[in-house]
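Residue numbers (my numbering): 110 to 1048.
Now the structure itself:
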């Protein structure tokens, strides 16, 4: 097989840190070949051990050196700074989420965390997301102290690893060579004197003739940030226009205020003066810029030879991640949440209600309201209920254990069982019991002037008046009566049994014997998520939310072969058949070739198909209630209209009767705004498929310098997304009369007047995605009498990123948007002399746009942004200095964002900015200059 000087490109990369390489795994063994002992290694992207580190598909390695130099407490801190990865969820963009707060996930090629397969030592890891919202490994669950390196396979690999490996594979290799005890303590603080971090972990290991063990325990605490801690995020802001039409950043606070508002009046009857008069509400005071996160973890890896041919291994992980003091603003409440006038409700607070202040009553009487009329909508910030907590705790446990049996010199059997579970618990409050609120609004005045609820039974049940007319007007007793405490719980569970037979056939080609791997895998995924009780019944001020509960299994069978056609020409082939319980069977394949015309040069190419089968959320996600606008295709239909849509509309008796009476089917405003329904999972959703290609070259120019260039092309078909409810109706009505179903398969319901009252939707295969680009990586390292110098460049150039709607056929070209910039690059420089090590890391994010399709707007005339649609290019500089006082003690000082680069503006007007943070945390640093000190000692 291929084994020549080009391998030095890989070894050079591994020695330096992050670089391109087909990587070593933790497992190696010696095989006799003639009279020589030839080292064979497991390569990410293949199950066949081989004598070379290269494969036809590109792999980038992030080494332990990178992790230590960055002072990273979390895998995501390093991984998502790679030019080929972006954060799916981080501690900033998830801060406004309820079920996802505190998550750290990754997305290769920005194709989504669900299309990025994360492995630990080549085996799957349980999801950390709530099963109601998606599927992704929470990188918080994998302690950085246990990581030897991270290997990023930058190509689809479903034939090798199964579903989800569409954008590529992240394989986290853990340490198994620790001898003795290693204690690491870290502390960090920003240049502003905040976001303190503390970490203490202990890693211990030992090796003996027949095995080894590594164990790690640790604790770390990230204090996080509030938006008020930084000037760019301390206020609710949006883009406004001045008198000349120029864009500027201005404060745009919420009109849901603590004193309440009724139309143009404060709830006490005084005029509402908005931001200028100090009446508006700044939500940023309560939100999170970086969610505080506390982690406790323990991990164990053990290997033990049972005899000369059989080895037992076990991996155990436990992690508890907890957000704390994490909040969002108090509940914005509206009396319309209780009385539902947009759905035809006729109730309300009468103007004669004794809680209504006299000044407000006089103003409304002057505006033409009568005492028996309901007052206009009253909106209010429920500050008496306190900030809404988003604190959440996740516990992840994962155990993998198996047997590796060397049957003979040529063949081995590898088996393992893996089980993992993530439990999620959350206490969520701040919502209002709307049934009790209705009772608490209906009050009478006693002879002594006091107020009480009008319903005697409600009084016996604790009802007290809920007075929203003024700041501080809600009593503690009223809060206790109407508040909704909610305990939210979820669980994701994974069980895998796998066996593979790996070896060499007694067939020798010109380049060596044919390598083969074959095997089978059974995987069971299950999960549930329970919202609060009142949220499930629809009795709280939030929309109704139904629980999630489901499971599925998949039985996979795979085969792989390596054909060493010549000493310098190798062909890799793989295929997998996956029998999924819900969507049925799919076949995927990989094909790769590599050719070295000379020792220092290698060409490689690969082609593959991949799949992403629907997960628990896609299939069984609990449906949530929505009243978002729906366009009825029958609106405006007349008796003379022709075409499928019109004829199908007129076939509905209620619509035909209304057309006959009025000449056309015209909806009232209430009817147009009252179409409810549910959105959630869909058991009919099918798998996504992908075709991927890569073409590259590896050049070992000198002993010290290596270059790799790889082109990639990924096309995803039938990408899973939520179908809009309007699309559900359009597809239902635009068919022949013979195929028309007035209920749209049970997804629509009309009232006696023909108006839609319910339209349901769910996940479906909605889009096609195409992306292509270039990965360029250079590694240089040289030893001199003055020290060791190193340089490494990783550069991604995006050629295209297009998304096409299957229904509309419209294509949006996202290349150049902030999440998909034209160029991203990392340049790492290093210097080492005896006990001193220095590094300088530069991260480049190209200039980009907030939106490429006009999806943002200013808050003056609501036209798309111009000036603030453009983000400048950014270079971040990180430096570190490490000194070894002895063979056992090392101190490292790291400064991130050395020049305190501030992030660009992406506030409420933006389509890319995170809620409440006024920027894009996936691309830009939100903390500012940060100093971190690490002490490691071994004994």
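Ideal Cβ placement from N, Cα and C applies to all residues, glycine included.
- When the alpha-carbon of residue 621 is set against those of 582, 574, 671, the nearest one is in 671.
- Here the C-alpha atom of residue 926 lies approximately 5 Å from the C-alpha atom of residue 957.
- Given a length threshold of 4 residues, each whole run of the alpha helix (DSSP H) inside the segment 719-800 is given here in chain order: 725-729, 753-759, 762-771, 778-782.
- Cβ-Cβ separation between residue 443 and residue 493: approximately 16 Å, too far for a contact (criterion under 8 Å).
- Taking the Cα positions, residue 995 is about 28 Å away from residue 410.
- Assignment of residue 522 by DSSP, reduced to helix, strand and coil, places it in the strand class.
- Out of 976, 757, 940, 879, the CA that lies nearest to the CA of residue 929 is found in 879.
- Here residue 644 is buried: its Cβ has 16 or more other Cβ atoms, across all protein chains shown, within 10 Å.
- When C-beta atoms of the segment 410-427 are compared with those of the segment 303-323, three or more pairs fall below 8 Å, so the two segments count as touching.
- Secondary structure remark: continuous beta strand (DSSP E) runs of at least 3 residues inside the segment 191-257, in chain order: 194-196, 215-217, 225-229.
- Within 10 angstroms of the beta-carbon of residue 406 lie 16 or more other beta-carbons, which makes it buried.
- For the options 462, 495, 788, 301, the alpha carbon positioned closest to that of residue 479 is the one of 462.
- By the neighbour-count criterion, in which a residue is buried when 16 or more other Cβ atoms sit within 10 angstroms of its Cβ, residue 199 is buried.
- Of the residues assessed, residue 699 falls on the buried side of the cut-off, its CB having 16 or more other CB atoms within 10 angstroms.
- Excluding five sequence positions before and after residue 779, the CB atoms of its chain that fall closer than 7 Å to its own CB belong to 451, 453, given in chain order.
- Considering only 423, 966, 611, the residue with the shortest C-alpha distance to residue 507 is 423.
- Bridge pairing for residue 817: 807, 886 [DSSP].
- Distances from the CA of residue 916 to each of 876, 830, 805, 696 were compared; the closest alpha carbon is that of 876.
- Assignment of beta-bridge partners to residue 830 by DSSP yields 873.
- Unbroken alpha helix (DSSP H) stretches of 4 residues or longer found wholly inside the segment 490-554: 543-550, given in chain order.
- Residue 505 places its beta carbon 8 Å or farther from that of residue 187.
- Shortest Cα-Cα distance from residue 518 to any of 436, 418, 566 involves 418.
- Pairing residue 172 with residue 284 gives a Cβ-Cβ distance that is not under 8 Å.
- Contact holds between the segment 1008-1015 and the segment 970-990, because three or more Cβ pairs, one in each stretch, are under 8 Å apart.
- About 17 Å separates the CB atoms of residue 823 and residue 191; that is not less than 8 Å, and the two are not in contact.
- Looking only at 223, 331, 924, 338, the smallest Cα-Cα distance to residue 404 is reached by 331.
- DSSP lists 891, 940 as the beta-bridge partner residues of residue 898.
- As far as DSSP is concerned, residue 643 takes part in no beta bridge.
- Per the C-alpha coordinates, the member of 1048, 1036, 1043 positioned closest to residue 401 is 1036.
- Taking residue 396 as the centre and dropping the five residues before and after it, the same chain places the C-beta of 336, 437, 1025 closer than 6 Å to its C-beta, in chain order.
- Under DSSP, no beta-bridge partner is assigned to residue 860.
- The beta carbons of residue 768 and residue 873 sit no closer together than 8 Å.
- For the pair of segments examined, the segment 696-710 was found not to touch the segment 243-251: the number of CB pairs separated by less than 8 Å stays below three.
- By the Cβ-count criterion, residue 357 is exposed, with fewer than 16 other Cβ atoms from all chains shown falling within 10 Å of its own Cβ.
- Residue 974 is not a Cβ neighbour of residue 955, given a cutoff of 8 Å.
- Residue burial annotation: residue 554 is exposed, with fewer than 16 other C-beta atoms found within 10 angstroms of its C-beta.
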